[in-house]
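Data first, discussion second: the structure below is written as structure tokens.
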């Protein structure tokens with residue numbers, strides 16, 4: 084098996100990575116391969132896993148991720164640092180179940196270049212009020228005015244979307260969730276205001292002059308497209324695969340959030 088390590092880059096996480104490397108590579112004969120791994124072992128928190136996903140975004144079809152939690156939030160990680168021995172035993176003796184989670188993809192002005200997000204796209208401006216015309220599958224849906232919008236996956240429903248009072252969506256449901264960020268609402272501005280959970284095969288179009296002054300965040304990454312007149316967001320064919328070496332209740336994961 085070819086594996087690689089992705090660290091939170093704090094002292095404790097780096098030491099744990101060194102311990103894993105010594106055990107897997109030196110004692111067990113596994114092959115450490117940063118370029119073409121089969122398994123990406125993420126040591127840190129959810130942010131570490133997100134960084135690893137974006138780092139290997141062009142190789143997602145032939146690798147899987149597993150997380151060891153040493154950070155401040157470990158929703159996607161299956162093990163804590165105290166369960167290191169159990170993690171090693173599970174990898175050696177257990178056959179992993181593969182759990183797939185789709186990405187979102189975004190195109191600007193119908194251009195070929197694609198930007199991906201695992202949790203969500205956040206589009207907006209906290210300095211000035213923005214206005215977007217939102218269509219779904221080519222049909223006008225609403226005009227939203229405020230600080231922006233958040234478009235989340237099922238996996239991302241527990242992230243920024245949850246902070247915006249969006250719905251937490253059960254594991255295994257393929258959806259897209261649209262949520263407004265600090266919407267303005269009075270007699271001249273009307274929008275749904277509530278989170279809208281839609282089928283995963285919907286396609287969102289966001290248009291408006293405000294796009295050129297908006298920040299577009301894909302998970303932890305931030306982009307600016309001054310030439311943007313239209314964004315198109317849809318569920319991608321790309322998926323992130325998690326290697327589950329042991330059962331882990333989704334309800335237990337949720338319980339760890341509060």
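Residue numbers (the numbering used here): 84 to 341.
Even glycine gets a Cβ: it sits at the ideal position worked out from N, Cα and C.
Treat the numbers as computed from the prediction; the structure is a model and nothing was measured.
Over what stretch of residues does the beta strand (DSSP E) that includes residue i continue unbroken?
i: residue 228; result: 222-229
i: residue 30; result: The displayed coordinates of the chain run from 84 to 341. Any statement about residue 30 would go beyond what the structure contains.
i: residue 327; result: 313-327
i: residue 337; result: Unbroken run through residue 337 is the alpha helix (DSSP H), 333-338; no beta strand (DSSP E).
i: residue 301; result: 298-301
Which residues mark the beginning and the end of the alpha helix (DSSP H) in which residue i is found?
i: residue 173; result: 167-176
i: residue 216; result: No alpha helix (DSSP H) holds residue 216; the beta strand (DSSP E) holding it covers 213-219.
i: residue 103; result: 94-104
i: residue 273; result: Looking at the DSSP string, residue 273 is not in any alpha helix (DSSP H), and its letter there is neither H nor E.
i: residue 127; result: Per DSSP, residue 127 belongs to no alpha helix (DSSP H); it is in the beta strand (DSSP E), 122-127.
Keeping to the same chain, check which residues put their C-beta closer than 6 Å to that of residue i; ignore five residues upstream and five downstream.
i: residue 172; result: none
i: residue 97; result: 90
i: residue 198; result: 189, 301
i: residue 140; result: 199
i: residue 324; result: 147, 181, 183
i: residue 318; result: 185, 283
i: residue 117; result: 87
i: residue 291; result: 214, 215, 216
i: residue 279; result: 261
So, residue i versus residue j, is the Cβ gap smaller than 8 Å?
i: residue 243; j: residue 188; result: no
i: residue 266; j: residue 241; result: no
i: residue 119; j: residue 113; result: no
i: residue 215; j: residue 289; result: yes
i: residue 48; j: residue 157; result: Only positions 84 to 341 of the chain appear in this structure, which leaves residue 48 out of reach.
i: residue 293; j: residue 213; result: yes
i: residue 205; j: residue 229; result: no
Let me know if residue i comes out buried or exposed under the rule of 16 or more other beta-carbons within 10 Å of its beta-carbon.
i: residue 181; result: exposed
i: residue 262; result: buried
i: residue 142; result: exposed
i: residue 177; result: exposed
Leaving aside the five residues before and after residue i along the sequence, list all residues of the same chain whose C-beta is less than 7 Å from its C-beta, in chain order.
i: residue 298; result: 207, 208, 305, 307
i: residue 218; result: 224, 288
i: residue 88; result: 100, 103, 104, 124, 126
Can you check which of these residues, the options, is closest to residue i by C-alpha distance?
i: residue 131; options: 160, 256, 283, 278; result: 160
i: residue 169; options: 150, 192, 252, 213; result: 150
i: residue 313; options: 193, 154, 165, 85; result: 193
i: residue 85; options: 268, 148, 163; result: 148
i: residue 254; options: 135, 332, 136; result: 332
i: residue 310; options: 282, 276, 296, 135; result: 296
i: residue 135; options: 174, 92, 163, 222; result: 92
i: residue 281; options: 210, 275, 269, 259; result: 259
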